[in-house]
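In the working numbering, the protein residues as written are 118 to 449.
From the three backbone atoms N, C-alpha and C, an ideal C-beta is built for every residue, glycine too.
As the structure is a prediction and not an experimental result, all values here were calculated from the model.
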Ligand code: SF4
């Protein structure tokens with residue numbers, strides 16, 4: 118079928134859609150479709166083939182590969198997935214490599230463990246969240262009757278730049294009024310008697326039967342990847358998992374992630390102190406791209422992985438100890 122279609126486009130050029138990013142790993146490769154926000158795993162040989170045929174004339178490729186069964190299989194796949202197209206034009210610009218990220222926030226994503234101490238100082242917290250320009254905010258609340266706290270949080274963030282708010286809390290009855298808040302996007306309900314998934318207005322509630330102990334462990338999971346143009350641009354220029362992302366423990370201490378012992382400041386300090394002191398210290402790791410970390414540098418997830426491992430100095434540069442092994446594509 119693919120070859121018949123190719124035959125009809127003999128005088129045209131083969132092009133890879135510019136929204137399809139080829140990422141070669143050591144064991145397997147991936148094609149990130151950043152328009153459809155999807156990932157497809159492919160053999161490394163398909164990436165070699167695709168790079169070779171991209172921009173070539175169909176008739177010259179047919180002459181070279183017309184009788185090759187693997188090439189036929191690859192064409193079938195690439196056409197079916199709409200990764201390639203044919204055109205009279207010989208050239209199409211690819212995506213610019215430099216970041217076009219126009220985000221002006223100091224910190225983009227914050228996860229907060231809500232304790233009585235933080236709750237009592239909520240006005241200071243809300244002011245700092247607002248000044249830092251936080252867009253994504255997650256609260257973990259360990260209270261089986263948390264609706265009042267949630268209502269207070271929603272009203273305190275009324276003037277913030279938060280566009281995506283989420284909560285994790287123990288299984289309980291949800292006050293339906295909270296669904297009316299446009300900032301609220303998701304709720305993770307742990308200790309649920311039953312696993313289920315519900316959507317109310319725009320809010321997705323994910324009921325999980327597990328307790329909260331594994332919720333913030335730094336562990337790679339396929340659901341933690343981000344395939345979109347913004348994430349890709351950040352990943353090409355910074356460490357996507359750490360960039361403008363903080364974890365705030367129950368005492369307000371700012372860290373890169375839940376497991377980190379070191380702290381970089383406190384969320385209840387003055388905005389100026391956080392901006393000049395904390396962010397300066399945090400940003401040292403933001404600049405260490407996954408391309409510079411082992412084994413991320415050979416991993417097909419390196420431009421979409423959001424698992425916040427902190428890189429540690431090794432004799433050849435930096436490394437992380439990840440539960441995904443890109444050398445055999447196995448997840449532990
Ligand atoms: S090896 Fe690196 S890029 Fe790959 S999944 Fe693990 S942390 Fe993410």
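For residue i and residue j, which I take to be in contact (beta-carbon distance under 8 Å), what is that distance rounded to the nearest angstrom?
i           : j           : result
residue 308 : residue 331 : Not confirmed; about 12 Å, so no contact.
residue 279 : residue 303 : With 8 Å as the limit, residue 279 and residue 303 do not qualify as a contact, their Cβ atoms being about 13 Å apart.
residue 325 : residue 312 : 6 Å
residue 81  : residue 381 : With the chain running from 118 to 449 in the structure shown, residue 81 is simply not present.
residue 175 : residue 123 : 5 Å
residue 131 : residue 197 : Actually they are not in contact, since the Cβ atoms of residue 131 and residue 197 sit about 15 Å apart, beyond 8 Å.
Kindly indicate which three-state DSSP category residue i falls into: helix, strand or coil?
i           : result
residue 153 : coil
residue 448 : strand
residue 369 : coil
residue 131 : strand
residue 177 : helix
residue 394 : helix
residue 414 : helix
residue 420 : coil
residue 401 : helix
residue 409 : helix
residue 235 : helix
residue 384 : coil
residue 161 : helix
residue 243 : helix
residue 425 : coil
residue 170 : helix
residue 186 : helix
Whole angstroms is fine: what's the gap from residue i's alpha carbon to residue j's?
i           : j           : result
residue 164 : residue 139 : 7 Å
residue 154 : residue 147 : 13 Å
residue 249 : residue 371 : 13 Å
residue 385 : residue 275 : 19 Å
residue 265 : residue 273 : 12 Å
residue 234 : residue 267 : 16 Å
residue 242 : residue 417 : 38 Å
residue 295 : residue 255 : 15 Å
residue 394 : residue 232 : 24 Å
residue 337 : residue 383 : 27 Å
residue 441 : residue 342 : 13 Å
residue 161 : residue 169 : 13 Å
residue 156 : residue 410 : 22 Å
residue 207 : residue 181 : 19 Å
residue 433 : residue 423 : 23 Å
residue 271 : residue 283 : 11 Å
residue 449 : residue 376 : 18 Å
residue 179 : residue 209 : 21 Å
residue 387 : residue 237 : 16 Å
residue 425 : residue 152 : 24 Å
residue 389 : residue 287 : 35 Å
residue 289 : residue 262 : 7 Å
residue 347 : residue 219 : 10 Å
residue 260 : residue 187 : 57 Å
residue 310 : residue 339 : 25 Å
residue 194 : residue 126 : 17 Å
residue 379 : residue 439 : 20 Å
residue 114 : residue 185 : Limits of the chain in this structure are 118 at one end and 449 at the other, which puts residue 114 out of reach.
residue 412 : residue 430 : 13 Å
residue 404 : residue 244 : 27 Å
Is it the case that the Cβ atoms of residue i and residue j are separated by a distance below 7 Å?
i           : j           : result
residue 406 : residue 345 : no
residue 352 : residue 145 : no
residue 402 : residue 359 : yes
residue 281 : residue 253 : yes
residue 246 : residue 365 : no
residue 368 : residue 335 : no
residue 396 : residue 223 : yes
residue 203 : residue 166 : no
residue 415 : residue 142 : yes
residue 349 : residue 420 : yes
residue 136 : residue 200 : no
residue 285 : residue 257 : yes
residue 225 : residue 361 : yes
residue 323 : residue 314 : yes
residue 437 : residue 428 : yes
residue 212 : residue 171 : no
residue 205 : residue 129 : yes
Between residue i and chain C, is there a C-beta pair that is closer than 7 Å?
i           : result
residue 392 : Among the protein chains of the structure shown there is no chain C, as only one such chain exists.
Minimum length 3: unbroken beta strand (DSSP E) runs contained in the region 245 to 300: 253 to 258 and 281 to 287
Could you tell me which whole alpha helix (DSSP H) segments of length 4 or greater appear in the region 314 to 380? 346 to 354
Enumerate, from N- to C-terminal direction, the unbroken beta strand (DSSP E) stretches of 3 or more residues contained entirely within the region 189 to 230. 201 to 204
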